[in-house]
Amino acid sequence: MSAMEHRILIVDDERRIADTSALILQSAGYHTQTAYDGAAGLTRCREFHPDLVLTDVVMPGMSGIEMAIAIRQEFPGCTILLISGQAATADMLESARREGHSFELLAKPVHPTTLLQRVAQILKDSDRVTATK
Amino acid sequence: MSSSTSATSSIPIAPMWNSLEPGSHSVQFYRKDEFLVDALSRFLGSALGSGDAAVVIATKSHREQIAQFMKLRGLDIALAMRQRRYVALDAAETLDKVVVAGWPDAERFMAVIGEIIGDARAATKRADAQVAAFGEMVALLCAEGKSDAAVVLEHLWNDLASLHSFSLRCAYPMNAFSRSGQGDSFDKICAAHSHVIPSERFTVLASEQEQLRTISHLEQKAEALDAEVAERKKIELSLMRREAEFSDLLENAAVGVQQVGPDQRIVWANRYVMALLGYSAEEYIRHELAEFHARQEIFKDFWERLMNRENISDFEAELRCRDGSVKHVLIHSNGLWENGRFVRTRCFLRDMTEHRQMELALIQSEKLASVGRLAATVAHEINNPLASVMNLVYLAQNQPGGAGSSYLQEAQEELERIAHLTKQTLGFYRSESAIVPVRLGSIIRSLASMLSPKVSNKRVTLLVEDAGDPEIRTAPGEIRQLFSNLLSNSLDALDMGGVIRVRISEAREWNNGGPPGVRVTIADSGCGIPAEHRAHLFEPFFTTKKEVGTGLGLWVCKRIAEKYQGTIHFRSSTRAEQSGTVFSVFLPLLTAETAGNSAKPLAA
């Protein structure tokens, strides 16, 4: 699958982060959509069927982790990357891990170059997994 | 003396106790005077009646009674006295003549008494004449508690008897030996005599059978008494041991125990108290308790409550140690009252110094933890705008056309957000400026003119009213920040054409009992604060203005007001037509010293 065909959903209650991240990923050739809270992210996921979800963790209402668990159950092929700038995230991740859900986390702020590299790597890996299936 | 007549007949004396051979030195014990007098009148009377001599060294009362009794027996006492065969002397006066420095003097005794006996014998004008003597000087010594001196005197009598042949009778009341410890003296006195005559209890018994029964009875009694004395000694010993145990227990208790008398002086204190405070017994006991209280007002309160018969528990006090340091103690105390009078306190102290230090350390570490939490929150709040800025700058740099400038503009705004945040938090912790006299009116007016562009843009009316504006001592920078935040909030709350009224007045803190100061009220006719937000208003990072606010403004205001011992309150209404919010800030007129003490950096 080429980069042009990959779909990425960006979820962040900080709209400006979500929007600018989307622009950056678009400029790299990805299809993107944005949502500004967890519940909206889950709804958008059902319509958009992304290959990758980039999400903030601490958001009003449904947290990024809760959303990620729900997405993973519904869309097992979708990869999720958490991005957080809050120290409390470590505790949330740990309690999710104890319940059998482990996620990759990037610390905010992530430099756009780093983000693009990481996204490319994740999608390449997941393509390989899909191809071998 | 009519009663004496009947007494002589009512107390018969067995013959064997009366007929003693010449040269004997007998001791007569007695319970009642009349028995003694009767016995003596027989002893002396028989001597006088047979032409011998009699010497009486006795109390005045005994001398008179003996003479009376002998007269009743038909003896011509007056004649015998004139013949100087009968000599009656006062015991106390005679004793004075033979005693030197409280002790019977042998030489004087021999001289004085020897002469008396010799003279009496000579008066009979018969070479073989006998002298019957009765002496009571020994009983006087015994009554004074000088039984050893009495025994010495008895031996002097014996010595004298070996020189002059005479029959001597001494007399001791039985009640002189009524204590169990006097057995020794009693034995010594008996040993100094050739004959012992028991008291009337025994001597009145006529038959031998009666006497034997009495001896058996007395033996039984003595046995029982001995046993009882031994039992009592045992009880006494065990009581003493118990007392020693209890005092040892109190002395070594792991709490301070002390007693304070009605004069507020310390009566007793255990080792714990002395060790805690470092005083010796001389430095602590009998000193006034107030001397050791570091805070007199606390001591006064403590004593007043004690005098009100309060049962004081967990009373916190500070005691001064010998080395000048202060111990924090917890006191339990109440008074012992007898017949409505305060006798002394029962007072128990526990050292809480270490506990208190731990508490302070805990508070300190909690403070540090809250600073840590704050820092974490601040970091998060900074991270979001930074993430935006990074994205925006990236986009601007990678923009092929001229659209980049709008991204850079947004980046600029985000940078301002960060700058504002750091100014609010980090700047706050840097306790900047010196304390100087300040008038709030001038600060607020300068803020008003600074805000005037925004005020006129929104067509807001800003009214500043001075109703007394005394100088207060404070840091103008922080006060400026406080009112700048409040005025900005008011402006933000207003739509086009609202009103902000600022009023500055001299006031006291809420009720009239508080310190004098200045109150500033800032009232706006804005939309008001919804009820669900009111409780969170002063919490850090609470904001309803997500796009523009940091959530630190009011939190900072409160911290600044509290730093200068002031307060900040608000009232708000969201009812249509009446909506609006009033913030009221009170700042006390601090003296230079209190300002110096209070204006410490908040993070410390």
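Quick mapping for you: the protein sequence lines, in order, are chains C and W. Mapping of the first sequence onto the numbering used here: position 106 corresponds to residue 106, and the numbering continues sequentially without gaps. For the numbering used here, add 133 to where a residue sits in the second sequence, where the first one is 1. Backbone N, C-alpha and C fix where the C-beta goes; we use that ideal spot for every residue, glycine too.
Rounding to the nearest angstrom, what Cα-Cα distance links residue i and residue j in this structure?
i       : j       : result
D261(W) : V170(W) : 27 Å
V110(C) : L548(W) : 16 Å
R636(W) : V653(W) : 6 Å
E74(C)  : G100(C) : 16 Å
T257(W) : F162(W) : 30 Å
K321(W) : E384(W) : 45 Å
M440(W) : Q392(W) : 14 Å
D447(W) : H461(W) : 12 Å
V718(W) : R16(C)  : 37 Å
R254(W) : Q263(W) : 7 Å
I464(W) : E672(W) : 39 Å
I399(W) : I418(W) : 5 Å
Q315(W) : K165(W) : 20 Å
P395(W) : F475(W) : 6 Å
M243(W) : L293(W) : 7 Å
W236(W) : A265(W) : 25 Å
T607(W) : R438(W) : 41 Å
Q117(C) : A28(C)  : 10 Å
V526(W) : Y540(W) : 7 Å
L228(W) : D185(W) : 25 Å
Hey, is residue i's beta-carbon within less than 9 Å of any beta-carbon in chain W?
i       : result
H31(C)  : no
E14(C)  : yes
S21(C)  : yes
E65(C)  : The sequence given here has Ile at residue 65(C), not Glu. Not closer than 9 Å to any Cβ of chain W, the Cβ of I65(C) fails to qualify, so no.
H111(C) : yes
I24(C)  : yes
K108(C) : yes
V119(C) : no
V58(C)  : yes
I17(C)  : yes
Count the other CB atoms, across all protein chains shown, that sit within 10 Å of the CB of residue i; report buried if there are 16 or more and exposed otherwise.
i       : result
Q198(W) : buried
Q530(W) : exposed
T20(C)  : buried
T43(C)  : exposed
F379(W) : exposed
I348(W) : exposed
V329(W) : exposed
T336(W) : buried
W470(W) : exposed
I368(W) : exposed
S143(W) : With a pLDDT of 41 at S143(W), under the threshold of 50, the modelled position of that residue is not reliable, and the figure given next carries that caveat. Its Cβ having fewer than 16 others within 10 Å, S143(W) is exposed.
S194(W) : exposed
D56(C)  : buried
M583(W) : exposed
S280(W) : buried
T113(C) : exposed
A626(W) : buried
G77(C)  : exposed
Could one say the Cβ of residue i lies closer than 9 Å to chain D's Cβ atoms, at least one of them?
i      : result
E47(C) : Within the model displayed, chain D is absent; protein chains C and W are what it includes.
Does chain C have any CB closer than 9 Å to the CB of residue i?
i       : result
Y562(W) : With a pLDDT of only 40 at Y562(W), under 50, the local geometry of the prediction cannot be trusted, and no value is derived from it.
E384(W) : no
H118(W) : The shown model of chain W, from 134 to 737, leaves out residue 118(W), and the question about it has no answer.
E598(W) : no
E543(W) : yes
E437(W) : no
E547(W) : yes
E565(W) : In this prediction, E565(W) scores a pLDDT of 43, lower than 50, which makes its location untrustworthy; the coordinate-derived value is nonetheless stated afterwards. No - not a single Cβ of chain C is within 9 Å of the one on E565(W).
State the CB to CB distance for the pair residue i and residue j, rounded to an integer number of angstroms; the pair is presumed to be in contact (CB under 8 Å).
i       : j       : result
R479(W) : S466(W) : 7 Å
I605(W) : L722(W) : 5 Å
L580(W) : L620(W) : 6 Å
A694(W) : T700(W) : 6 Å
L9(C)   : Q33(C)  : 5 Å
L520(W) : G85(C)  : What sits at residue 520(W) in the sequence shown is Ala, not Leu. Right, their Cβ atoms sit about 7 Å apart.
L106(C) : T89(C)  : Contact flag wrong, Cβ pair sits at about 11 Å.
H288(W) : H158(W) : Wrong, their Cβ atoms sit about 10 Å apart, outside the cutoff.
Note down, in chain order, all residues in the region 516-531 of chain W with a beta-carbon under 7 Å from any beta-carbon belonging to chain C. N516, N517, L519, A520, S521, M523, N524, L525, Y527, L528 and N531
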